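Reviewing the structure listed below.
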Amino acid sequence: MRRLLVVSALLVTALAPCAAQAPEPANWRVALAQTLPLLGHRNWILIVDSAYPLEVAPGIETVETGAPELEVVRTVLADLAHSRHVQPYVFMDAELPFVPEQDAPGVTNYRSEVADLLHGYPLESQPHTELLGRINQEGAQYHILVLKTAMAIPYTSVFIRLDCKYWSDDAERRLRAIMH
192 MRRLLVVSAL
202 LVTALAPCAA
212 QAPEPANWRV
222 ALAQTLPLLG
232 HRNWILIVDS
242 AYPLEVAPGI
252 ETVETGAPEL
262 EVVRTVLADL
272 AHSRHVQPYV
282 FMDAELPFVP
292 EQDAPGVTNY
302 RSEVADLLHG
312 YPLESQPHTE
322 LLGRINQEGA
332 QYHILVLKTA
342 MAIPYTSVFI
352 RLDCKYWSDD
362 AERRLRAIMH
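Final position of the sequence shown in the numbering used here is 371; the numbers increase by one with none missing.
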């Protein structure tokens, strides 16, 4: 009995430092690099603030980055620029332009920085609840990678719908016209 108590005490002592440490964020860059080649048109990559809800739909994968949001957006866009098969179509929350600085310190600077970062990309604003509904619906059929960041300003999430890079909407319309 005494031996069992000594072994138990040693185990508790040995494991205590591990239990006290916060878990490390997943290596989101590795997750992105491994997932991106598998993604295609109709898939999504979301770069979200820290209060974004953990989705439970089977097609939605959430990775905690622990990184600043603009760093994650910059990295995702760079990786997409080097992709041969997909390109981004960006959605932002329609509420973002109306969030006052006094209620969300830093939002003015964020709006300026994200606008510079997204300049030149197709961009559409939609109400946050509509975007969430769309993600929930599409997550039932298609994979969605959610990269959760350290951002603590509301309505700052960047929703990226992936489109085919080597086949345009115009090419698709021409194909459909020939088929009919």
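A virtual CB, placed ideally from N, CA and C, is assigned to each residue, including glycine.
As the structure is a computational prediction, the values presented were derived from the model and not from experiment.
Those residues which DSSP pairs with residue i across a bridge
i	result
L314	V281
D307	For D307, which the question treats as bridged, DSSP gives no partner whatsoever.
E255	K339
F289	Bridge partners of F289: none, in fact.
L353	P279
V239	K339
Candidates the options, of which the one nearest residue i by Cα
i	options	result
V267	N327, I251, W235	W235
E255	S316, Y280, T340	T340
N327	V247, Y312, F282	V247
E329	R367, V305, R352, F282	R352
W358	H276, P259, L237	H276
F282	L323, A272, Y301	L323
N300	G311, I344, H273, R265	I344
S274	D240, L223, E262	L223
Close beta carbons around residue i, own chain, < 8 Å, minus the five adjacent residues each side
i	result
P214	Its pLDDT being 44, under 50, P214 is placed unreliably by the model, and nothing is read from it.
Same chain, Cβ closer than 6 Å to residue i, neighbours up to 5 away in sequence not counted
i	result
Y280	P313, R352, D354
Q278	D354, K356
E252	L336
Q212	Its pLDDT being 41, under 50, Q212 is placed unreliably by the model, and the measurement read from it follows with that caveat. Nothing meets the Cβ criterion.
Whole-Å CB distance - residue i paired with residue j, under 8 Å assumed
i	j	result
E304	Y346	Not really, about 15 Å apart at Cβ, beyond 8 Å.
G250	A331	6 Å
S348	D284	6 Å
Same chain, Cβ closer than 7 Å to residue i, neighbours up to 5 away in sequence not counted
i	result
R365	none
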